[in-house]
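Numbering (the numbering used here), first residue to last: 61 to 199. Before any comments, here is the structure.
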Amino acid sequence: MSKPVSVDFQFSIKRRGRGAKKRIVEVAAQADESKPALERIPRIARYMALAIHFEDLIREGVVTDYADLARLGHVTRARVTQIMNLRLLSPEIQEELLQFEGAKQHFRMPQLKELQRLASDYDWRTQRYEWRRRNTVSE
Numbered sequence: 061m062s063k064p065v066s067v068d069f070q071f072s073i074k075r076r077g078r079g080a081k082k083r084i085v086e087v088a089a090q091a092d093e094s095k096p097a098l099e100r101i102p103r104i105a106r107y108m109a110l111a112i113h114f115e116d117l118i119r120e121g122v123v124t125d126y127a128d129l130a131r132l133g134h135v136t137r138a139r140v141t142q143i144m145n146l147r148l149l150s151p152e153i154q155e156e157l158l159q160f161e162g163a164k165q166h167f168r169m170p171q172l173k174e175l176q177r178l179a180s181d182y183d184w185r186t187q188r189y190e191w192r193r194r195n196t197v198s199e
């Protein structure tokens with residue numbers, strides 16, 4: 061018999077509406093101004109990294125399926141599927157999402173819903189074309 065494996069996940073889910081728990085964020089004052097301020101990582105980049113991590117957990121046999129991931133993360137199976145669908149994007153798009161450069165003035169980070177539509181097309185050439193068209197600056 062195999063030994064049970066314990067897996068810890070941290071999800072950050074923002075609740076809205078009446079009675080929603082409020083998150084308290086403490087910002088540490090920087091005494092040394094020579095250190096650059098940390099840039100906030102976009103949500104979609106965190107989802108992309110999470111999808112890669114989930115895929116590794118399934119491949120290694122730590123969890124068996126999306127239902128296990130959903131149970132461990134206290135989210136719905138549909139949400140896990142949405143996150144995992146990001147792995148259907150072309151590798152170039154995935155890389156760009158993970159290596160977001162805030163310096164790109166014209167680049168707007170897409171929403172998960174937009175990427176779901178893009179990932180539904182299984183032809184990576186079409187995905188890349190739509191991605192470039194979406195991110196091209198119109199002058």
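Every residue, glycine too, gets a C-beta built ideally from N, C-alpha and C. Treat the numbers as computed from the prediction; the structure is a model and nothing was measured.
Item	Value
To the nearest angstrom, report how far apart Y182 and R100 are at their CA atoms.	31 Å
Assign A127 to one of two classes, buried (16 or more other C-beta atoms within 10 Å of its C-beta) or exposed (fewer than that).	exposed
Rounded to whole angstroms, what's the CA-CA distance from D116 to L148? Just pull it up for me.	15 Å
For A179 and V122, I'd like the C-alpha separation in whole angstroms.	26 Å
I need the straight-line Cα distance from R193 to Q187, nearest angstrom please.	10 Å
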